[in-house]
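Each residue of the sequence shown is one higher than the one before, starting from 3 at the first, in our numbering. Here the structure is laid out as structure tokens; the discussion comes afterwards.
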Amino acid sequence: VMLEYGQPMHAFDFACVEGGRIIVRTAREGETLQTLDGGDRRLTPAMLCICDARKPVGVAGVMGGANSEIEGDTAMVLFESANFDGTSIRRTAAALNMRTDASSRYEKGLDHTMTLKAVNRACELVELLGAGEVVGGVVDAIAAPQEPLKLLLDADRVNRILGTEIPEETMAGILTSLGFRLDGRMITVPSWRRDISPAHYHNDIAEEVARIYGFNKIPTTLMNGASTTQGGFTAEQKAERAMGAVCRSAGYHEVITYSFYSPSAYDMVALPKDSPLRKAITILNPLGEDTSTMRTTMLPSMMEGLARNYNLRNKNVKLYELGKTYFARADGLADEPKTLVMGAFGDDIDFFRMKGVIEAILLDLRIPEAEYKAEKDHPSYHPGRCARVYTGSTEIGVFGQIHPKVAKNYGIPEPVYMAELSFDALFGARSTVIEYTPLPRFPAVIRDLALVCDQRITVGELKGCITAAGGEHLEACEVFDVYQGAPIPAGKKSVAFTLTLRAEDLTLTDDHANEAIFNILNALQRTFGITIR
Numbered sequence: 003v004m005l006e007y008g009q010p011m012h013a014f015d016f017a018c019v020e021g022g023r024i025i026v027r028t029a030r031e032g033e034t035l036q037t038l039d040g041g042d043r044r045l046t047p048a049m050l051c052i053c054d055a056r057k058p059v060g061v062a063g064v065m066g067g068a069n070s071e072i073e074g075d076t077a078m079v080l081f082e083s084a085n086f087d088g089t090s091i092r093r094t095a096a097a098l099n100m101r102t103d104a105s106s107r108y109e110k111g112l113d114h115t116m117t118l119k120a121v122n123r124a125c126e127l128v129e130l131l132g133a134g135e136v137v138g139g140v141v142d143a144i145a146a147p148q149e150p151l152k153l154l155l156d157a158d159r160v161n162r163i164l165g166t167e168i169p170e171e172t173m174a175g176i177l178t179s180l181g182f183r184l185d186g187r188m189i190t191v192p193s194w195r196r197d198i199s200p201a202h203y204h205n206d207i208a209e210e211v212a213r214i215y216g217f218n219k220i221p222t223t224l225m226n227g228a229s230t231t232q233g234g235f236t237a238e239q240k241a242e243r244a245m246g247a248v249c250r251s252a253g254y255h256e257v258i259t260y261s262f263y264s265p266s267a268y269d270m271v272a273l274p275k276d277s278p279l280r281k282a283i284t285i286l287n288p289l290g291e292d293t294s295t296m297r298t299t300m301l302p303s304m305m306e307g308l309a310r311n312y313n314l315r316n317k318n319v320k321l322y323e324l325g326k327t328y329f330a331r332a333d334g335l336a337d338e339p340k341t342l343v344m345g346a347f348g349d350d351i352d353f354f355r356m357k358g359v360i361e362a363i364l365l366d367l368r369i370p371e372a373e374y375k376a377e378k379d380h381p382s383y384h385p386g387r388c389a390r391v392y393t394g395s396t397e398i399g400v401f402g403q404i405h406p407k408v409a410k411n412y413g414i415p416e417p418v419y420m421a422e423l424s425f426d427a428l429f430g431a432r433s434t435v436i437e438y439t440p441l442p443r444f445p446a447v448i449r450d451l452a453l454v455c456d457q458r459i460t461v462g463e464l465k466g467c468i469t470a471a472g473g474e475h476l477e478a479c480e481v482f483d484v485y486q487g488a489p490i491p492a493g494k495k496s497v498a499f500t501l502t503l504r505a506e507d508l509t510l511t512d513d514h515a516n517e518a519i520f521n522i523l524n525a526l527q528r529t530f531g532i533t534i535r
């Protein structure tokens with residue numbers, strides 16, 4: 003009967019069923035049952051059981067009990083046919099480590115109309131085969147009335163989902179051939195189609211129509227609003243490849259690290275207890291404690307990679323990764339911003355070399371000249387060797403030497419340098435316009451300025467003042483020397499600039515150049531109190 007109808011059934015020795023009736027209930031704490039396979043099963047209150055008036059006689063949907071097994075002297079047999087919740091049966095079978103023909107069918111969901119039909123078929127076979135006499139009819143039947151699912155056929159919506167123009171009559175014919183009943187536009191879903199969901203039935207109906215109509219007949223189209231790459235890369239992919247090319251040209255090797263790590267990683271990089279970066283998304287089924295949270299910063303991942311290379315006695319290691327970080331949102335989803343992280347240690351890396359790679363990335367993306375501001379409060383970086391990068395008012399990222407304590411946490415005793423740059427900020431600030439500047443027709447005037455100023459004044463501040471005061475003829479301003487020590491007074495430093503002055507329509511004279519230098523020196527004197535060395 004099970005193979006014919008797909009409905010599992012069980013037969014009990016009626017003489018062993020105390021009280022002469024079947025009760026379906028959850029097991030009581032401490033109850034046990036020896037099943038037909040001879041195994042002793044300890045039942046829990048989460049398990050559904052078939053019971054008589056006193057004890058369990060079977061595990062619902064899985065296997066019957068030996069205490070009601072059909073024997074050679076059995077005179078009266080009770081047939082049981084039921085429709086159980088698939089989730090409950092699956093959990094019970096898994097907990098008891100018992101997967102049977104019955105449980106494999108129940109856990110997938112059965113047609114509730116087959117329950118009584120299967121019992122009647124079994125009784126019919128008993129009489130046809132002369133195996134016994136059917137008496138008493140149905141002993142007990144408890145069923146919650148289940149009305150057939152009725153849905154409205156919306157042909158226009160189905161066509162929008164599929165991107166087709168299938169006539170409503172064709173859809174109706176397809177659905178009828180699959181066992182659906184139609185009364186006008188009202189669809190009655192067959193009882194065996196448990197996969198048709200009332201919440202998403204438009205998509206389910208569209209799928210039924212499409213698979214019979216033929217996917218090969220549905221024209222291939224792009225979604226509304228989608229753009230095509232026409233066989234090329236998207237703008238984001240081009241930016242990613244450009245950043246990677248700059249990193250590789252600077253000697254960095256690309257790595258791909260895990261997107262999750264241990265909560266203790268935040269302590270390793272010295273993040274404060276109240277840092278928002280500690281509010282990580284927790285994985286429901288982690289492989290272990292070391293991979294239990296999604297990363298909110300790529301710093302620990304890169305430090306682990308550098309530490310592994312240091313332990314392997316690799317020297318002058320430079321690594322980079324363009325990956326995602328993950329932040330929880332109120333709607334239950336996650337923001338996944340991309341970050342470019344570079345990490346290095348060895349003889350050929352320092353603060354300014356790392357800054358040079360960042361400048362090369364900005365130049366390649368045609369991002370206007372960035373501003374660098376000293377950062378003293380980042381817990382993971384050296385307070386005197388760290389800076390944040392800005393373009394306009396947008397922060398691009400942070401770079402500098404990793405705090406010695408953080409490096410020590412990873413077993414690296416030498417200076418480690420790191421840069422964390424926001425891909426979204428870089429991508430948003432890039433320029434897609436390629437500007438052409440013709441070769442100059444008139445010669446430039448080159449002047450060097452050596453200035454003495456307080457140590458607290460940054461080179462960026464001096465350069466900004468020079469650029470603002472230089473006027474239209476100032477073409478370039480480059481630093482070529484920073485010096486501290488005798489004969490420079492204590493608390494002071496010497497900064498030397500090379501200034502390039504040029505006009506587009508005439509040859510500059512010394513008078514033009516002297517006027518520009520005079521304006522620059524006056525501005526520096528008023529703003530910073532500098533002197534000429």
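C-beta: ideal position from N, C-alpha, C; glycine also.
Per the C-alpha coordinates, the member of R187, E82, L164 and T190 positioned closest to A208 is L164. Excluding residues up to 5 positions away in sequence, F262 lie with their Cβ nearer than 6 angstroms to the Cβ of T293 in the same chain. Taking the Cα of T500 as reference, the smallest distance to any Cα among A372, G246, D450 and T341 is reached at D450. If you draw a straight line from the Cα of H380 to the Cα of R504, it is about 42 angstroms long. The beta carbon of N205 sits closer than 8 angstroms to those of I163, all from its chain and outside the five residues before and after it, given in chain order. Fewer than three Cβ pairs drawn from the segment 358 to 366 and the segment 328 to 336 lie within less than 8 angstroms of each other, which leaves the two stretches out of contact.
Partner residues in the beta bridge of T37, as assigned by DSSP, are G67. Pairing G472 with M304, the inter-Cα distance amounts to about 43 angstroms. Apart from the 5 residues on each side of it in sequence, A525 sits with its Cβ closer than 8 angstroms to the Cβ of C467, I468, A470 and A471 in its chain, given in chain order. Contact annotation: V481 and L453 have beta-carbon atoms that are not nearer than 7 angstroms.
Across the structure, T178 and A201 are spaced so that their CA atoms are roughly 22 angstroms apart. DSSP places T529 inside the alpha helix (DSSP H), whose first and last residues are D512 to F530. Beyond the five residues adjoining it in sequence on each side, P385 comes within less than 7 angstroms, by CB distance, of K378 in the same chain, given in chain order.
Counting other Cβ atoms within 10 Å of its Cβ, T284 stays below 16 and is therefore classed as exposed.
In the assembly as shown, S382 is a buried residue. Its beta-carbon has 16 or more other beta-carbons within 10 Å. Considering only E210, M188 and A247, the residue with the shortest C-alpha distance to I198 is E210. Assigned with DSSP and collapsed to three states, K152 falls in strand. Leaving aside the five residues that flank C125 on each side, the residues in its chain whose CB is nearer than 6 angstroms to its CB run, in chain order, V136. In the three-state reduction of the DSSP assignment, F86 falls in the coil class. In this structure R43 is buried. Its beta-carbon is surrounded by 16 or more other beta-carbon atoms within 10 angstroms. By the neighbour-count definition (other C-beta atoms within 10 Å, threshold 16), R315 is an exposed residue.
In the structure shown, R280 falls within a helical segment according to DSSP collapsed to helix, strand and coil. If you compare the alpha carbons of G22, M116 and R101 with that of E109, the shortest gap goes to R101. Between E517 and P370, the alpha-carbon positions lie close to 28 angstroms from each other. Taking one beta carbon from each stretch, the segment 345 to 358 and the segment 309 to 323 have 3 or more pairs nearer than 8 angstroms; the two touch.
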